[in-house]
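Below you'll find the structure, written out as structure tokens, and then a few comments.
Numbering (the working numbering), first residue to last: 3 to 132.
Pasting the structure below:
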């Protein structure tokens, strides 16, 4: 009798664990009103929807490269400003590279938002199908 009660409680807990709907608001993913990271959303969607898992995985990879491009752009902007101050010819090239890197990072971040929204949409549609 005790074993069957434990099994029933485990089934109810497991089904409620996977039945939670995600929301995407203000550039964040929410699960039951609590903001979660893209990696946590990726792990949550691993067994629910492979499409959502793919989207959250891509969003995580894009974020890592966005940091790289942003840091490189900041360095090039500072180097370019320093080179212009000392009248070297390479300063304008450094500034151009820096502005391009920072702009590229911002473009990638908007692409990341699209992947997060699509991941939430795929996760919720997979929950509705079950």
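No residue lacks a Cβ here, since even glycine has one placed at the ideal position from N, Cα and C. Keep in mind the model is a prediction, meaning the values are calculated, not measured.
Taken in chain order, the complete alpha helix (DSSP H) segments of 4 or more residues contained in the segment 48–122 are 52–87. Note on geometry: alpha-carbon atoms of residue 44 and residue 59 lie some 6 Å from one another. Within 10 angstroms of the beta-carbon of residue 48 lie fewer than 16 other beta-carbons, which makes it exposed. Residue 25 is bridged by DSSP to 32. Just measuring C-alpha positions, the residue of 61, 27, 110 sitting nearest residue 42 is 61.
Straight across, the Cα-Cα distance linking residue 38 with residue 50 is about 17 Å.
If the five residues before and after residue 81 are omitted, its C-beta is found closer than 6 Å to the C-beta atoms of 96, all from its own chain and listed in chain order. With the rule of 3 Cβ pairs closer than 8 Å, the segment 67–74 counts as touching the segment 94–111.
Counting C-beta atoms within 10 angstroms of its own C-beta, residue 63 has fewer than 16 neighbours from the protein chains shown and is therefore classed as exposed. Residue 118 and residue 31 do touch by the CB rule: their CB atoms are close to 6 Å apart, below 8 Å. Distance between residue 78 and residue 89, taken at the CA atoms: about 16 Å. The Cβ atoms of residue 27 and residue 126 lie no closer than 9 Å to each other. Separation of the CB atoms of residue 120 and residue 57 is rounded to 5 Å, and the pair is thereby assigned contact status at 8 Å.
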